[in-house]
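Chain order of the listed sequences is A and B.
Residue numbering for the first sequence follows the numbering used here, beginning at 6 and increasing consecutively.
Residue numbering for the second sequence follows the numbering used here, beginning at 6 and increasing consecutively.
Even for Gly, the Cβ is constructed at its ideal location relative to N, Cα and C.
Number of protein chains: 2
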Amino acid sequence: MKIINGGVSTPKGFKAAGIHCGVKAGNEDKKDLALIVSETECAAAGTFTTNKVKAAPVYLSMNNVKNGKAKAIVCNSGNANACAPNGEMHAMTMCTDTAKALGINPEDVLVASTGVIGHEININAISAGIPKAAELLSEDGGKDAALAIMTTDLAQKEICVQLELGGKTVTVGGIAKGSGMIHPNMGTMLSFITTDANVEPETLKQILKECVRISFNRISVDGDTSTNDTCIILANGMAGNPEITAGGEDYQAFSEAVAFITRTLAIKIAKDGEGATKLITCIVRGAESEDKAEKIAKTVIRSPLVKAAMFGADANWGRVLCAMGYSGEEFDPVKVTVAFASETGKIEVCTGGRGLEFDEELALKILQKEEVVIDITMQEGDFEVTAWGCDLTYDYVKINGDYRT
Amino acid sequence: MKIINGGVSTPKGFKAAGIHCGVKAGNEDKKDLALIVSETECAAAGTFTTNKVKAAPVYLSMNNVKNGKAKAIVCNSGNANACAPNGEMHAMTMCTDTAKALGINPEDVLVASTGVIGHEININAISAGIPKAAELLSEDGGKDAALAIMTTDLAQKEICVQLELGGKTVTVGGIAKGSGMIHPNMGTMLSFITTDANVEPETLKQILKECVRISFNRISVDGDTSTNDTCIILANGMAGNPEITAGGEDYQAFSEAVAFITRTLAIKIAKDGEGATKLITCIVRGAESEDKAEKIAKTVIRSPLVKAAMFGADANWGRVLCAMGYSGEEFDPVKVTVAFASETGKIEVCTGGRGLEFDEELALKILQKEEVVIDITMQEGDFEVTAWGCDLTYDYVKINGDYRT
């Protein structure tokens, strides 16, 4: 498997576009409408927010993806179409307008929205924009699509890989957005993945579910699980490889490629958390189960006190141990070792549940880097889980203190 | 029941003191050692943190309160004595030094600590301070004790009430501290309550447990449950009232007095949350169970996005509905009404799961007050729960970005 430049329009038979249609009013420079389209029918799978309050497009896409088939994704940013007047009608209009512009069945269109909750979406702008976006569809349009799904994101999030399967070159590309309202269980994040691999639909569904579980569901920016989270994968089979099935010989290699895509995009989301200055990776090693390791890693990543300490480059390991303690999991603090690491080096700060004398200056240097690791060893088993988050900063408060205006 | 000026040294037979002993080094003005003592043996009950990582004094006090009897509380601020070298030994020293200074049994002394985690406590300063504090014990010392247990608190937290029980005047006084690392399930908070009421020990335990459940366990500053949370009540019986027993005629009136004390102190803690500019009260009405109402109210109060919106006086009700949705509780969004209220007035912003047209200027004025209410009606039953929190501000980040130095 190799990483190549590209995104969702790189796999064979996929085109994409991203334009400004007017949902983000008064911001002509900001793209707000994305289209991703396959020439041919795709195997399709999706995972969606677990929030009881779901946006209208989420219900629509959950329904349209049920048959395991789709051809296109339409997505706007600037308005989540959640708890909003006429939400169902407008989501349906986005679906039918896209079908019409592309000359395909509405059942083959998946819809996503992201942005502010509770305001009626500017459907006229979107309806006018869809035919324009359809005209601009191209094999170089992936980047524009990546830009068009952004809200408070500072960085576009794209990744693409190629691998050989059954003598054929298979490409998998993905984009994502997400910055605030991010938390495990499909934290506001969207991710769209395309591939020209030939994959049996039920197998695709399993692979996506497992890949989301160990990537997007292991990041947290602020503990808020949004109303709109959606991850969709489309596989059009144009690479011509032998069909990938559960237990088949290419299953593992293809799963790993998708897992790499989702993990890379998840990390990009965590790093671009609202107001964040750094990516925090929490590794929990030596746990007696994966569940326990995951619960503890996520609790540490979520703790506002840990996050604020990381912002301040403060080696305050007591907060790490404290967060572990309220994770709800049983463990023996006396067996716990905590270290901080970054490209500068690694330093153990706590062992046996007690603080170590350590070089504060070195700790500061380690924690001042843009990517820091909280490395926890539990000495009770063989399971290891990694979760990703970001620091809590003044800018998070600023961004969210007045988001609507 | 009437509110009177006073605190833990107001009930008959109680004395208190608060001094600077040196745990908070280089801060001569800051008191850091509190003593609360009863002339006679008290019925005693305590509730303690649910964090798996408990500070040494928590284990000691859990053990000493087991027999339902105690005479004194010693508490230092500036160091939590949690995950710290020689923690058990130093907690025991605090206990025995206090017993010696007061001429009582070590088993009758309860110990609490609050402050930074993971650093060895300056036990020499405390050992030298205890006899000094014992000399200063007085009936006016409650306020000094309230000051001496503070860490990042900006305001001291004291409350006192009197009521008539069986023809006798009974007094209940309480103090508390808590500002950061505050979350339901005994979020770092300490609270000490004294009363001269005559209460059967098992009954006192039940009353405290219930009162903590509906007060301290319904506040959240940051979702971090600390290693040190402790709430203790001492009842010395010197008011001479007939013994209060479960089901007895004074049970209700006394319970209500204790509930008033714990609720008042809990609200004071929420209002004084680290960096907070306002108290946020979330009322959930019309729920089908108390548990559900509580879970939803706590989730709303905890949401960083709701908290940041309240800081910005932004009537962003979508975030309220979103938080309700990820509370883990089932409900029908279409039955939900959300209003914001303060002394300025009340404004409905969402009903039937959809936004209402509302006067943004009025909403802004309502939310700019120091005490705001998020009022949620669910239309599915008769249960109502109130939870308390505070806004998320730049100062929270500042305080916690560099707490140790």
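Exercise for the section: State the Cα-Cα distance for the pair SER14 of chain A and LYS148 of chain A, rounded to the nearest angstrom. Expected result: To locate residue 14 of chain A, count along the first sequence from 1; it is residue 9. To locate residue 148 of chain A, count along the first sequence from 1; it is residue 143. SER14 of chain A and LYS148 of chain A: Cα-Cα distance of roughly 8 angstroms.
With the cut-off set at 8 angstroms, would you say ILE306 of chain A and ALA202 of chain A are in Cβ contact?
In the first sequence, residue 306 of chain A corresponds to position 301, counting from 1. In the first sequence, residue 202 of chain A corresponds to position 197, counting from 1. No.
Output, in sequence order along the chain, the residues in the region 115 to 130 of chain B whose CB is closer than 9 angstroms to any CB in chain A.
-> VAL121, ILE122, GLY123, HIS124 and GLU125
Could you work out which residues of chain A lie near ARG223 of chain B, taking near to mean beta carbons separated by less than 9 angstroms? Position 218 of the second sequence, counted from the first residue, corresponds to residue 223 of chain B. What ARG223 of chain B touches in chain A: nothing, since even the nearest Cβ is about 17 angstroms away.
Chain B residues whose Cβ lies nearer than 8 angstroms to that of MET329 of chain A
Residue numbering aside, residue 329 of chain A sits at position 324 when the first sequence is read from its first letter. Near MET329 of chain A (Cβ distances below 8 angstroms), the residues of chain B are LYS57 and VAL58.
Strictly below 7 angstroms CB to CB, what residues from chain A border LEU159 of chain B? As a working mapping, residue 159 of chain B is identified with position 154 in the second sequence. Residues of chain A passing the Cβ test: none, with the nearest at roughly 18 angstroms.
Please determine, among A:THR45, A:ALA60, A:PHE53 and A:ASP145, the residue with the shortest C-alpha to C-alpha distance to LYS74 of chain A. Here the question's residue 74 of chain A lines up with position 69 in the first sequence. Nearest C-alpha to LYS74 of chain A: A:THR45.
- request: Quick one: residues in its chain with C-beta nearer than 7 angstroms to the C-beta of PRO90 of chain A, no 5 flanking neighbours on either side, listed in chain order?
  value: In the first sequence, residue 90 of chain A corresponds to position 85, counting from 1. Excluding positions up to five away in sequence, the list reads GLU125.
Exercise. Can you check whether the CB of CYS88 of chain B is closer than 8 angstroms to the CB of GLY51 of chain B?
Worked result: Within the second sequence, residue 51 of chain B is the residue found at index 46, counting from 1. Within the second sequence, residue 88 of chain B is the residue found at index 83, counting from 1. Not a contact, by the Cβ cut-off of 8 angstroms.
Do you know whose CA, among A:ALA313, A:PRO247 and A:ASN222, lies nearest ILE274 of chain A's CA?
On the first sequence, position 269 is the one that residue 274 of chain A refers to. Residue A:ASN222 is the option with its Cα nearest to ILE274 of chain A.
Assigned exposure category for PRO338 of chain B - 16 Cβ within 10 Å defines buried: One-based indexing of the second sequence puts residue 338 of chain B at position 333. It is buried - the Cβ of PRO338 of chain B has at least 16 other Cβ atoms within 10 Å.
| For PRO62 of chain B, which residues from the same chain have a beta carbon less than 6 angstroms from its beta carbon, with the 5 sequence-adjacent residues on both sides left out? | The count along the second sequence starts at 1 and reaches residue 62 of chain B at position 57. If we look at PRO62 of chain B and ignore the five residues flanking it on each side, its Cβ neighbours are ASN86, ALA96, VAL116, ALA117 and SER118.
- request: Could you check which residue in B:ALA314, B:MET383 and B:ASP364 has the C-alpha nearest to that of ALA334 of chain B?
  value: Translated into the one-based positions of the second sequence, residue 334 of chain B becomes position 329. The amino acid at residue 334 of chain B is misidentified as Ala; the sequence shows Glu. Comparing Cα-Cα distances from GLU334 of chain B to each of B:ALA314, B:MET383 and B:ASP364, the minimum goes to B:MET383.
>> For TRP3 of chain B, would you say it is in contact with chain A, using Cβ-to-Cβ distances shorter than 8 angstroms as the test?
In response: Chain B is shown from 6 up to 410; residue 3 of chain B falls before or after that span and cannot be answered.
Rounded Cβ spacing between ARG290 of chain B and GLU389 of chain B (contact assumed at less than 8 angstroms) | As a first step, residue 290 of chain B must be located in the second sequence, where it is residue number 285. As a first step, residue 389 of chain B must be located in the second sequence, where it is residue number 384. Rounded, the Cβ-Cβ distance is 5 angstroms, consistent with contact.
**Item:** Per DSSP, the bridge partner or partners of LYS297 of chain B
**Value:** One-based indexing of the second sequence puts residue 297 of chain B at position 292. Paired residue(s): none; LYS297 of chain B is not in a bridge.
Worksheet item: Which two residues bound the contiguous beta strand (DSSP E) that contains ASN405 of chain B?
Response: Translated into the one-based positions of the second sequence, residue 405 of chain B becomes position 400. Where ASN405 of chain B is concerned, there is no enclosing beta strand (DSSP E), although the alpha helix (DSSP H) it sits in stretches over 399 to 406.
If GLY330 of chain B sits next to VAL58 of chain A, beta carbons under 8 angstroms apart, how far is it from one beta carbon to the other, in whole angstroms?
Locating residue 330 of chain B in the second sequence gives position 325, where the first residue counts as 1. Locating residue 58 of chain A in the first sequence gives position 53, where the first residue counts as 1. 3 angstroms between Cβ atoms; contact.
List in chain order: all unbroken alpha helix (DSSP H) runs of 4+ residues lying wholly within the region 233 to 310 of chain B. 256 to 276 and 295 to 307
For MET194 of chain B, list the residues DSSP reports as bridge partners. Counting from 1 along the second sequence, the entry for residue 194 of chain B is found at position 189. B:GLY183, per the DSSP bridge assignment.
task = Output the boundary residues of the alpha helix (DSSP H) element that contains ALA87 of chain B.
result = Within the second sequence, the letter at position 82 stands for residue 87 of chain B. Unbroken run through ALA87 of chain B: none, as it is neither H nor E.
Q) Using a Cβ-Cβ distance under 8 angstroms, would TYR3 of chain B count as near chain A? A) The shown model of chain B, from 6 to 410, leaves out residue 3 of chain B, and the question about it has no answer.
At a Cβ threshold of 8 angstroms, is THR267 of chain B touching chain A?
Numbered from its first residue, the second sequence carries residue 267 of chain B at position 262. Not an interface residue.
Mapping DSSP to helix, strand and coil, what is SER132 of chain B? Walking along the second sequence from the start, residue 132 of chain B turns up at place 127. Three-state DSSP puts SER132 of chain B in a helix.
- My understanding is that ILE237 of chain B touches ALA49 of chain B, with C-beta atoms under 8 angstroms, so please give their C-beta distance in whole angstroms. If you number the second sequence from 1, residue 237 of chain B lands on position 232. If you number the second sequence from 1, residue 49 of chain B lands on position 44. Indeed, because the Cβ distance is near 7 angstroms, the residues count as touching under 8 angstroms.
Open item on the list: I need the straight-line Cα distance from ASN405 of chain B to GLU299 of chain B, nearest angstrom please.
Closed with: Within the second sequence, numbered from 1, the residue matching residue 405 of chain B stands at position 400. Within the second sequence, numbered from 1, the residue matching residue 299 of chain B stands at position 294. Roughly 28 angstroms separates the two Cα atoms.
Query - Assigned secondary structure, LEU424 of chain B (DSSP; H/G/I helix, E/B strand, else coil) - result: Residue 424 of chain B falls outside the range modelled here, since chain B spans only 6 to 410, and no answer is possible.
What runs of the beta strand (DSSP E), each 3 residues or longer, lie entirely inside the region 98 to 185 of chain B?
-> 114 to 121, 162 to 170 and 173 to 183
Whether VAL175 of chain A touches VAL263 of chain A by CB criterion (8 angstroms): Translated into the one-based positions of the first sequence, residue 175 of chain A becomes position 170. Translated into the one-based positions of the first sequence, residue 263 of chain A becomes position 258. No, they are not a contact pair.
Margin query: Is it buried or exposed, GLN257 of chain B, if we count other Cβ atoms within 10 angstroms and call 16 or more buried?
Written below: As a working mapping, residue 257 of chain B is identified with position 252 in the second sequence. GLN257 of chain B comes out exposed.
Do you know how far the Cα of THR250 of chain A is from the Cα of THR208 of chain A? The count along the first sequence starts at 1 and reaches residue 208 of chain A at position 203. The count along the first sequence starts at 1 and reaches residue 250 of chain A at position 245. Those two C-alpha atoms are separated by around 6 angstroms.
Under a three-way DSSP split, which group does PRO189 of chain B fall into?
Counting from 1 along the second sequence, the entry for residue 189 of chain B is found at position 184. Below a pLDDT of 50, predicted positions are generally treated as unreliable, and PRO189 of chain B, at 38, falls in that range; the measurement from the model is reported next regardless. Of the three classes helix, strand and coil, the one that applies to PRO189 of chain B here is coil, per DSSP.
Are the C-beta atoms of VAL402 of chain B and some chain A residue less than 8 angstroms apart?
Start at 1 with the first residue of the second sequence, and residue 402 of chain B comes out as number 397. Answer yes: the Cβ-Cβ gap between VAL402 of chain B and chain A drops below 8 angstroms somewhere.
Per-residue burial, TYR401 of chain A [other beta carbons within 10 Å of its own, 16 or more giving buried]: Counting from 1 along the first sequence, the entry for residue 401 of chain A is found at position 396. Counting Cβ neighbours within 10 Å, TYR401 of chain A comes out buried, since at least 16 surround it.
Name the one or two DSSP bridge partners that CYS47 of chain A has.
-> The count along the first sequence starts at 1 and reaches residue 47 of chain A at position 42. Answer is A:ALA75, bridged to CYS47 of chain A.
Residues near THR199 of chain A in its chain [Cβ-Cβ closer than 6 angstroms; skip 5 each side]:
Reading the first sequence from its first residue, position 194 is the one you call residue 199 of chain A. The answer, listed in chain order, is VAL13, PRO16, PHE19, GLY178 and LEU239.
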